[in-house]
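Accompanying notes for the structure given below.
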Ligand code: FAD
Ligand code: NAD
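Numbering (the working numbering), first residue to last: 529 to 1006.
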């Protein structure tokens, strides 16, 4: 095997493997280095997303949703199911099968594109030399014209609640409980807390979420966050805001979590505790001091708008650099970098990256929130429309939530969309396309939306921006 490549990508998550495939498509001699090894002693590709992130969590969200439907929510439809049983081992086996199918798929894609996969832990040294340490203790050095750092992130830790892999787990542990905990504590009511808290609540756990911030989902549009909070409370998620965990004590019987809320100090006993307080970039040992790579004040690898680091020929993409920690953001950065390495002037519109919380209903957003527009002094218009007035939503029994569209008061250009409700992820994707095409709300108003669809809520919200929604009484516009 040659030890010199045009491009070496470190990390095979969605940022790294997509970058490598695009590099290979552009004719560049490419290698991917991955440290994660599977049970078959082969590199386990796909990173956090495929192995312990997006995919397994969505598999469990889907399974648990079906269980909750079968166990009770279908009675409104006149469907009664008796003797609904739960086989966690089968549910987990299904999840693992999906993971293997997808990680195997990535392996096949890399092979088909002629990409060399190297197993081991990589360190970037000066002069784009990459040292790879193997599990057997051996080491080999490779060089490349371009090196792309795509080493991803790992769960953040907090001192009062060390993860022990048993009673106290991070997101990875929470994806493989062997039984439903009776009482489940979750530290952090962010995306992971809500998604994995929902999984176990649907399967029967009593879930208490301890969130340090006083505000629920502070980065979301405030109106949508408030609406979502009400829906989750109705589902039985006990979300306690302004709760600062001060100590965790593990015993044979459970885990006691002490937290302060205002002036009060409380202690709750749980069977299991998930720590979901964010993720940190995985930079330890990734590059040497003389590699030329630097980090920003938050510990992320410092890059410019095009993901170039301060070291010539060294790039960084995905969770390891600034911006939202989302698989699709990393993948598109990977494509942009591959194109730039090939000499094209690709760029990424960081203002139009959708984000989704895959609860039921989903919560999804793109672009500016109403509070951001206010803070920026932008003169804007807002239109909301509730799913309760959408025929298809009623027919499906999915009437909670709303679509909200924000646009510029002068130009009418769409600036943001926020949805909590059925198919929120797919509805927001329509607005991603609209914003990328510089559409106005008038464009959406003039389009024909199929009936009966959830998408009609997008149409009506666009009409509501100008006080002309059809299927509700419009409030006078300012
Ligand atoms: P990673 O996926 O973390 O991959 C990095 C890879 O680099 C790993 O395989 C690692 O082993 C390897 N590596 C690290 N250091 C080295 C080294 N020195 N040498 C060799 N290899 C190395 N995002 C979404 O968009 N949608 C979702 O629904 C979603 N759900 C999630 C659910 C959970 C529970 C979690 C934890 C995350 C979720 N995410 C989701 C976030 C998403 O998983 C990440 O944003 C994404 O995986 C980041 O991709 P990446 O390629 O930057 O890094
Ligand atoms: P997050 O930032 O979404 O939420 C963490 C929460 O923990 C925040 O609300 C924060 O205020 C709270 N917190 C922090 N320290 C705390 C403490 N000491 N006590 C109590 N609360 C505390 O992070 P996450 O949920 O861990 O997810 C990590 C990353 O993974 C996110 O950036 C997210 O983008 C990504 N992710 C995405 C998806 C998705 O796209 N659907 C799903 C899962 C994870």
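Using N, Cα and C, we set each Cβ at its ideal position, and we do this for glycine too.
Just to check, is the beta-carbon of residue i closer than 7 Å to a non-hydrogen atom of ligand 2?
i: residue 706; result: no
i: residue 804; result: yes
i: residue 670; result: no
i: residue 725; result: no
i: residue 741; result: yes
Kindly indicate which residue of the options has the alpha-carbon position closest to the one of residue i.
i: residue 940; options: 550, 990, 981; result: 990
i: residue 983; options: 1003, 1004, 948; result: 948
i: residue 891; options: 718, 641, 826, 737; result: 718
i: residue 677; options: 827, 942, 536, 926; result: 536
i: residue 566; options: 841, 663, 827; result: 663
i: residue 540; options: 828, 720, 636; result: 636
i: residue 547; options: 875, 902, 862, 888; result: 862
i: residue 533; options: 757, 657, 754; result: 657
i: residue 775; options: 673, 659, 690; result: 690
i: residue 672; options: 763, 869, 956; result: 869
i: residue 763; options: 826, 896, 649, 593; result: 593
i: residue 934; options: 916, 986, 919, 923; result: 986
i: residue 655; options: 842, 564, 979; result: 842
By DSSP, does residue i sit in helix, in strand, or in coil?
i: residue 983; result: coil
i: residue 720; result: helix
i: residue 529; result: For residue 529, the pLDDT reaches just 45, beneath the cut-off of 50, and the residue's location in the model is therefore unreliable, although a value from the coordinates is still provided. Looking at residue 529 - three-state DSSP - the assignment turns out to be coil, as it is neither helix nor strand.
i: residue 544; result: helix
i: residue 550; result: helix
i: residue 735; result: strand
i: residue 725; result: helix
i: residue 957; result: helix
i: residue 996; result: coil
i: residue 943; result: strand
i: residue 784; result: strand
i: residue 745; result: coil
i: residue 967; result: coil
i: residue 1001; result: coil
i: residue 962; result: helix
i: residue 740; result: coil
i: residue 575; result: helix
i: residue 801; result: strand
Sorry if obvious, but does the Cβ on residue i come closer than 7 Å to a heavy atom of ligand 1?
i: residue 623; result: no
i: residue 542; result: yes
i: residue 886; result: yes
i: residue 665; result: no
i: residue 855; result: yes
i: residue 570; result: no
i: residue 582; result: yes
i: residue 685; result: no
i: residue 835; result: no
i: residue 657; result: no
i: residue 536; result: no
i: residue 577; result: yes
i: residue 810; result: yes
i: residue 721; result: no
Inset, instruction - Taking only runs that begin and end inside the stretch 843-875, name each unbroken alpha helix (DSSP H) of 4 or more residues, in chain order. - result: 855-869
Inset, instruction - Taking only runs that begin and end inside the stretch 577-639, name each unbroken beta strand (DSSP E) of 3 or more residues, in chain order. - result: none
Inset, instruction - Within the stretch 805-850, note down every full beta strand (DSSP E) run reaching 3 residues or more, in order along the chain. - result: 807-809, 842-844
Inset, instruction - Would you list, in sequence order, the uninterrupted beta strand (DSSP E) runs of no fewer than 3 residues that lie entirely inside the stretch 637-714? - result: 644-647, 649-653, 657-661, 667-677, 681-683
Legend entry - In chain order, each beta strand (DSSP E) run of at least 3 residues that lies wholly inside the stretch 865-937: 883-885, 890-895, 908-914, 930-936
Legend entry - Unbroken stretches of the beta strand (DSSP E), 3 residues or longer, contained in the stretch 749-781: 766-768, 771-778
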